[in-house]
Every structure is written in C-alpha cells, then in structure tokens.
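Protein chains in written order, with my numbering: chain S, 82 to 304; chain W, 115 to 474.
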Amino acid sequence: MTAIRLSIRVASVATLASLPVALAVAMLLARGRFPGKSLLNGIVHLPLVLPPVVTGYVLLLTFGRMGPVGHFLQANFGIVLAFRWTGAALAAAVMGFPFQVRAMRLSVEAVDRKLEQAAATLGASAPIIFTTVTLPLILPGIFAGAVLAFAKSLGEFGATITFVSNIPGETQTIPSAIYSLIQTPGAEGEVLRLALVSVAISFVALMLSEMLARQTGRRWASV
Amino acid sequence: MLDVFIDLSRGEFALQASFRAGVGATAIFGRSGAGKSTLVAAIAGLVRPNAGRIALGDRVLFDSAHGIDLPVRRRRVAVVFQESRLFPHLSVRRNLLYGRWAGRRSGGSSFDDVVGLLGIEALLDRKPGRLSGGEAQRVAIGRALLSGPELLMMDEPLSHLDGARRAEILPFLERLATESGIPILYVSHAMDEVIRLADQLVILDKGMVAAAGPLEDVLNRIDLGAISGLAEAGSVLMTEVAGQVTDYALTRLALGEQELLVPEIAAATGERIRLRVLADDVAIALERPKALSIRNVLAAEVTEVAHGTGAHADVLLAIGPQRLRSRLTRQSVAELGLVAGKPVFALIKSVAIRRGGGES
Chain S
82 MTAIRLSIRV ASVATLASLP VALAVAMLLA RGRFPGKSLL NGIVHLPLVL
132 PPVVTGYVLL LTFGRMGPVG HFLQANFGIV LAFRWTGAAL AAAVMGFPFQ
182 VRAMRLSVEA VDRKLEQAAA TLGASAPIIF TTVTLPLILP GIFAGAVLAF
232 AKSLGEFGAT ITFVSNIPGE TQTIPSAIYS LIQTPGAEGE VLRLALVSVA
282 ISFVALMLSE MLARQTGRRW ASV
Chain W
115 MLDVFIDLSR GEFALQASFR AGVGATAIFG RSGAGKSTLV AAIAGLVRPN
165 AGRIALGDRV LFDSAHGIDL PVRRRRVAVV FQESRLFPHL SVRRNLLYGR
215 WAGRRSGGSS FDDVVGLLGI EALLDRKPGR LSGGEAQRVA IGRALLSGPE
265 LLMMDEPLSH LDGARRAEIL PFLERLATES GIPILYVSHA MDEVIRLADQ
315 LVILDKGMVA AAGPLEDVLN RIDLGAISGL AEAGSVLMTE VAGQVTDYAL
365 TRLALGEQEL LVPEIAAATG ERIRLRVLAD DVAIALERPK ALSIRNVLAA
415 EVTEVAHGTG AHADVLLAIG PQRLRSRLTR QSVAELGLVA GKPVFALIKS
465 VAIRRGGGES
C-alpha cells in the first residue's frame, strides 16, 4: 500500500514539476531557430535511448551527495535528492521528459501561426496571444504529454533503483516493490495484486487522456 | 488618409508600391502573384519592408529613414483574411470581442450595430467550426470592425466562397464601404467585386503599381489592358435612375441627355447607379441603326484609338464627360475610318454590373 501511494506521489510530482520546463523546451524546439537546436533535441531524447541504468548512474554522479549539483544543493539549500523520494521523482521526471516534450511539440507545431498573427492585428500582446490563443489550442497536447509522462513515471524502474535505491517507504515505488517481492518466497499473491494495480492505474490514465483529447478535439473542430 | 510607400524584396520577389487611399473603399487589383497579399502584410506589420514609409493619418506606422516600425498590435490596422482565421476555441461572441478583451481596444463601432449590420445575431453562441464559409467570413469582418481600427484591409475575403455566399456578403461590404468612415483596402482579383465596392483603384502588376486613381479613370485607360491582364477590359459609366418601365421589367437610366434601358433595378428615381460595360459588348455604327434588337444606342465621339498588332483594336468614346471603351477588330476600325473626333453611335449589347450610391 505504501508503495502504491508513494508511486502516485512520485509520478504526480515528477509530471507536474517537469511540465512547465517541457512546455518551454517544446516551444523552443517547435518555433526557435538557434544554434545547438539539434543538440538540445538530442539531450531531451537521450533518456529514451540510453539504458535506464546509465541514466540513473548519470543522475547519481551529478545529483548524488558527492556530485557537483547534489553537493551544491545540499550545501546551499539543504536539499538532498539521493536515496530520497524526491530523487525518485527527479529520475521519473527525466525519464518521462522526452514523452512530454514530444507530445507538446507536435501540438505546438500544429497550431496555425496565422491565428496568432490575426490576434496581433486585433491588438493582443505576445503574452496575451500565448494565453488566449496558443495555450488553449495546445491543451490537448499538454494533456496527452502529461498523461504519458505520468504513466512512464509510474513504471520507471532502472534509473530509479540506480539513483535512489530501493528503500521501503522512501524510494520503493511499485516496480521496485514488485522486484523485491518476486525475490521473496511466498509473496506471489502480493506481486499479482501490485501488478493489477499497476495495470489499472495505467489504463485509467490512458483512457483519461484519450477522452480529454477527443473532447477538446471535437469542441474545437473547425471546418 | 493612408499613405504608402513600400520597397520590399524577398528572394526573387520584389514589391515597390506607392499610393494613397482616403476614406471609403480602395481596391487593390491584380493577378495572383502580383504582390497584393504581401502589400497587405506589410501595411499590417506582419512583413517588414526593406525601406519605405507607411502613414495612417498623422500616425507613422513605419518609416525606415527614422527607424520607426510600430508593432502589429499598436497599428490599429484590422485585417479580414482570405481564410477568416477565427479562433476555433472561442465562441463567435468571444471572437467578435477579442479586440476588446484581449487587445484592450476600445472605440469603433458598437457591438449591436455590427452584429445587426452583418446579420449574425443567431450565431453568437456558436463555435466557428459550426459556421458556413459565408457566416465565418461575416464574423471575421465583424471582429475586425469591433477592434476599433483606423484602417480596414480585406484580403480577398470572398475568394473561398461560392457565388451564392458571395452574393450574401457583398451587400454588407457595400454598406461598409460607404458607412464605415475609415479607409478600406479591398484586395481582389474579381473585377465585379471591385466595381461594386470601390471608388478608388490601384492596379498592381509584378510588384509595381501600374495605375492608381478614381475607379472610372483607371478602368478607362486604354493602355492598361495589356499591363493589368484585364481580360475583361471595359469601362464604368455613372448614371442616374430616370424611371421604371414596369410593363417590361426595365429601368431607365439617364446618362447626360441620353438614356439607357437595363433589366429592372430596385432603386428610386434619382439614385446613382454605376454601370460596368465590357469593351467586347460595345459595337460602333456610323449612323443610328434602325430595326435593331439592341435598344441601347448612344451618340458618342471617338477620342482615342489604340491599334496594337493583333486582330483587335480598342476605341475610346466620349459620351459627354464620360468615357466608354469598345473593342473591335482592326479591320472594322479601318473600314469605318475611326479616328479621334469622329461622331459615331455606340451600341451597347449588355450592361454587366451595377452598383448603387457612391461618388462619381
């Protein structure tokens, strides 16, 4: 039970905290023209192709107590990520990030920039155009990206266990718990229960995103 | 008063345009690729000219010499685009008022007036996705008007619509042209729309202004056929309703001392009507013909003959102060001995287009 609650907390925090960053990166990749764009694109997608264990190891090197960023955070703000649930959230966010960026980027690219021009001729400033035209139009993409990232975060195992280990009540998410239980004799029932919960949560998340996407799509269907 | 001087080049394409437009409708006419849409984009501030100056009344929107380039949102130049560009996620009402709640604009026409003028009361709570092409375009016109513009530009607003939808919107545009009180630039490649709506005409050809001035003057210029690609060369006559011939469903129109008969027009006696007569529909006779089905025969005088090298020659006729253009074969011109100053009779086979109101 602790594992389920922890997993949902880790996945929610990971998704919500990375959402604004993912949106900014998606806008940059969809609209920006700057040197190093393909490099940024590559870095964003790296967790998708790297073995998760490697991603976890990189996180450990940078955000661990001895790592440069980890040391800095601890010395200045007293924040410790390694072997804490916040670290699990960071690992989940990194692993879910490419999914968020991808979905958002596609929806940003689908926005007709002529609508934004029209808004400007009607007197709207850039921030107002973003909130009144662009954002509502890419909302389905944001939902889709967030749900995908959430589902990915729930299932994240390799990077999490490498970075924050498998501490019950602190960093033991559903996949880590299942992993531990499989190695424990006589816990088959428990394993099955967690597996079913996993399936249920993912399924509901997917249904939800599908529904939201279809609803907004139908509501705004033009021509 | 809009004052435009633009020098713009993008790769192969170059636009060099200079003209003025006062209150009322000025048509920008030209073939596709002539630079019409680029001109609109430059005036709206969506495209930046390499050099030039754009002023609207005493407000300078762009001046390369003084480094002035007002952002789009501060220009108060509203645009009705070809594809309406309504915001799909907002209701018609929110679209119409976008300039007010998002653009913080005020002034301009009242909401009720615009909605009434365009006949869109019933659409206010719909989403743009549920509008027909004609309805969407009317909403787009309303949205532009309600943003309190000092210049309204319409970039081929009817080109995506079929004949019936165009007929539905044209009357609104006519009223707009006479009642809005601001300059309107009406971009089109359809001469019938231009003649119905505009008082001034700017002909754009290959990025250059080929001619500009009052509609009748520009259309009667005999040299413009080749330049502007006006396949349908013709002229415009300003007439006044003299009376109705109810038995035959005809209307009598006075043209100076003479009269024309046209199919019935719902207009009061004394109302001014603008006629468009295609050059191909005007024949010339040296004597007043008898026993002829053509009813409209006007005494005229040849003022100019443009021969060209093909089979045809254009003849410009004077009927009082007005000009009428006729297209004949060069052989006819030679056999009739048509030269400037010769008195003739113009036979008008049909009158193409009419428009009420307006100044001559």
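Beta carbons: idealized from backbone N, C-alpha and C, even for Gly. Predicted model, so just to flag it, every value in this text is computed and none were measured.
Item	Value
Per-residue DSSP class, three states only, for S:F144	helix
Contacts of W:F225 in chain S (Cβ-Cβ under 9 Å)	Simply none; closest approach about 15 Å.
Bounding residues of the alpha helix (DSSP H) (the contiguous stretch that carries S:H152)	P149 to F158
Enclosing beta strand (DSSP E) for W:F201 [first to last residue]	Careful: W:F201 lies outside any beta strand (DSSP E) and carries neither H nor E.
Rounded C-alpha distance that separates W:A326 from W:D269	18 Å
Chain W within 8 Å of S:K195, Cβ atoms only	yes
Pair within 8 Å by beta-carbon distance, W:V332 and W:K150	no
Minimum C-alpha distance to W:N334 - residue among W:Q196, W:G125 and W:V419	W:V419
Beta carbon proximity, S:G222 to chain W, threshold 8 Å	no
Exposed unless 16 or more other CB atoms sit within 10 angstroms - verdict on W:D172	exposed
Beta-carbon separation (whole angstroms), W:L329 vs W:D313, contact threshold 8 Å	6 Å
Any chain W beta carbon closer than 8 Å to S:A57	For chain S, the structure presents residues 82 to 304; residue 57 of chain S sits outside this window and is missing.
Close-in-space but distant-in-sequence residues of the same chain around W:L153 (CB under 6 Å, 5 per side omitted)	A131
Closer than 8 Å to chain W by CB, S:I209	yes
Bounding residues of the alpha helix (DSSP H) (the contiguous stretch that carries S:T254)	Counting along the chain, S:T254 falls outside any alpha helix (DSSP H), and DSSP gives it neither H nor E.
W:M115 in three-state terms, based on DSSP	coil
S:H126 - DSSP class collapsed to helix/strand/coil	helix
Contained alpha helix (DSSP H) runs [length at least 4] in the region 253-288 of chain S, N- to C-terminal order	255-263
Chain-ordered residues of the region 207-241 of chain W with a beta carbon less than 8 Å from chain S	Y212, G213, A216, G217, R218, R219 and K241
Residues of the region 259-275 of chain W whose Cβ lies closer than 7 Å to any Cβ of chain S, in chain order	S261
Contact between the region 165-184 of chain S and the region 227-241 of chain W (3+ Cβ pairs under 8 Å)	no
Chain-ordered neighbours of S:L120 on chain W, where CB pairs are closer than 7 Å	None at all; the shortest Cβ gap to chain W is about 29 Å.
Close-in-space but distant-in-sequence residues of the same chain around W:K456 (CB under 6 Å, 5 per side omitted)	V416
Residue-chain proximity (W:A192, chain S), Cβ-Cβ < 8 Å	yes
Where the alpha helix (DSSP H) through S:F115 begins and ends	Unbroken run through S:F115: none, as it is neither H nor E.
C-beta contact flag for W:I387 and W:T140 at 8 Å	no
Bridge partner(s) assigned by DSSP for W:R208	DSSP lists no partner for W:R208.
Contact with chain S by W:V186, beta-carbon distance below 8 Å	yes
Contacts of W:F201 in chain S (Cβ-Cβ under 7 Å)	L196 and V214
Rounded separation between W:G295 and W:V376 - CA only	32 Å
W:R160 at chain S interface by Cβ criterion, 8 Å	In the sequence on display, residue 160 of chain W carries Leu and not Arg. Output row for W:L160: interface = yes.
Counted within 10 angstroms of its Cβ, other Cβ atoms place S:E197 as buried (16 or more) or exposed	buried
Strand pairing of S:T215, partner residues [DSSP]	DSSP, once it has assigned bridges, lists no residue as partnering S:T215.
Residue span of the alpha helix (DSSP H) that contains W:G277, given as start and end	G277 to E293
Buried/exposed call for W:L315, threshold 16 Cβ in 10 Å	buried
Cβ neighbour criterion (16 or more within 10 Å) applied to W:Y212	buried
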